[in-house]
Amino acid sequence: PSFSVTGLTADTTYYFTVLAYDLAGNVSLQGNILEVQTTASAPIPYTSANANLSTVDWQAKDLFVSQQVGIATTPHEDYKLTIAGKVIAEGVKVALQGSWPDYVFLKEYRLPSLEEVESHILNKGHLIDLPSARNIKLKGIDLGEMDALLLKKIEELTLYILQQEKKIIELQKINGDLKILADRIIELERKMEE
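1 is the number of the first residue of the sequence shown in the UniProt record's numbering; add one for each residue after it.
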C-alpha cells in the first residue's frame with residue numbers, strides 16, 4: 001500500500017514510521033524509521049547575508065547568483081564567472097552568437113591560395129584569421145570563437161585536399177600518357193636500330 005502526505009514544507013526533513021492496530025486496538029511494534037527530505041521549492045539566492053549561515057547547506061541546493069562570481073580570485077567585471085585554476089567538467093556547451101563557418105563551402109568563398117597561407121605564416125608566424133600566441137597570452141581565447149575558427153581551418157584544409165586530389169589524378173593521367181609515349185619512342189628507336 002502507499003500513503004500520501006500533504007502540506008509538507010519545502011526543503012525540510014521529515015521522519016516517518018508505521019504503527020499497525022488490530023480490531024482489538026492492540027498496537028504493533030514501531031516499524032523502521034523512514035527519513036524523507038523534501039526538495040527546495042525554488043533556488044535560494046546566494047547573498048552575502050546567507051553565504052555562511054549554518055542553516056543553509058549550499059552543497060545540497062541549486063545555487064542562483066545574479067552577480068559576477070570569482071573562485072579563488074576577484075571576479076572580472078566583464079564576465080559572470082572568473083576562476084583562478086583549472087576546471088573539470090563532463091561537458092561544456094558553447095552557444096555561439098555568430099555564424100558557423102560552413103560558409104567556407106559556398107561557391108563565393110575565396111579560399112586563400114597556399115602561397116598566401118605560406119606568406120602569412122612566414123610574415124606573422126601563425127595561420128590567417130587565427131590569433132597569435134602573444135595575443136592569446138595577453139587576452140585569452142573565447143572557446144566558441146576558437147572552435148569556429150578551428151573548424152574553418154579544417155574545412156579549408158578539406159578543400160585544399162580535394163584540390164590536391166584533383167591535381168594528383170590529372171598528373172597520374174599525364175604520367176600514364178607520357179609512359180605510353182616513352183614506350184612508343186623506345187619501340188621506334190629499337191626498330192630504327194634494326
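From the three backbone atoms N, C-alpha and C, an ideal C-beta is built for every residue, glycine too.
Between the alpha carbons of Glu116 and Lys173 lies a gap of roughly 28 Å. If you compare the alpha carbons of Leu23, Gly140, Lys80 and Val5 with that of Tyr15, the shortest gap goes to Val5. Taken through DSSP and simplified to helix, strand or coil, Glu35 comes out as strand. For Leu171, the three-state secondary structure derived from DSSP is helix. Taking a C-beta distance under 8 Å as the contact criterion, Leu106 and Ala148 do not qualify as a contact pair.
Under the 8 Å Cβ criterion, the stretch 82-99 does not count as touching the stretch 109-128, having fewer than three qualifying pairs. The three-state reading of DSSP puts Phe105 in helix, counting H, G and I together.
Take Glu187, set aside five residues on each side of it, and no residue of its chain has a beta-carbon closer than 7 Å to its own.
Under the three-state reduction of DSSP output, Gly70 falls in the strand class. Taking C-beta atoms as the reference points, Leu111 and Glu156 count as a pair closer than 8 Å. Fully enclosed alpha helix (DSSP H) runs of no fewer than 4 residues occupy 133-139 of the stretch 119-185, in order along the chain.
Proximity to Glu145 across Thr13, Leu8, Leu159 and Gly98 peaks at Gly98, based on C-alpha coordinates. Val5 is not bridged by DSSP to any residue. One Cα belongs to Gly7, the other to Val36, and the distance between them is close to 14 Å. Rounded to whole angstroms, the Cβ separation of Glu77 and Gln68 is 7 Å, and the two are in contact under 8 Å.
In this model, Ile169 and Lys152 are separated by some 26 Å (Cα to Cα). The continuous beta strand (DSSP E) containing Tyr15 extends over residues Thr13 to Phe16.
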